Amino acid sequence: MASRGFSCMDAVPSSLLIGGLIDTSGSMFALITASSAISVVSSLAYSVSLIDRLTDFLSSLSFMVSSLLLIVCWNLLFYQHGRGRQSTAFWSRKK
23 MASRGFSCMD AVPSSLLIGG LIDTSGSMFA LITASSAISV VSSLAYSVSL IDRLTDFLSS
83 LSFMVSSLLL IVCWNLLFYQ HGRGRQSTAF WSRKK
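Each residue of the sequence shown is one higher than the last, beginning at 23 in the working numbering.
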């Protein structure tokens, strides 16, 4: 009689083969709980990463807006025109 050899079904526990997937009192419950915990932690880490990216984006956006406002205000205060680059700032205007 020839030996049967090793089958891939030998590595599968019999509890999985006989309705063990529905049984929540055993190792499957622990596996589901662990995978749920890993999923929650990973989604929290992803949301923290998104919040960090959003904070960086808003910080750079506020810097760009403040720089633009500074340039606009500077140009309004010290607007120069013509070839002589004559200043028309409000304190140097002649009435």
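Every residue gets a Cβ at the ideal spot worked out from N, C-alpha and C, and that includes glycine. In this text, all values refer to a predicted model and were calculated from it rather than measured experimentally.
- Rounded to the nearest whole angstrom, the C-alpha separation of M86 and L53 is 49 Å.
- As the crow flies, the alpha-carbon of D74 is around 12 Å from that of S82.
- A straight-line Cα-Cα distance of about 28 Å links L80 and L99.
- Exclusion of the five residues before and after S89 leaves no residue of its chain whose Cβ lies closer than 7 Å to its Cβ.
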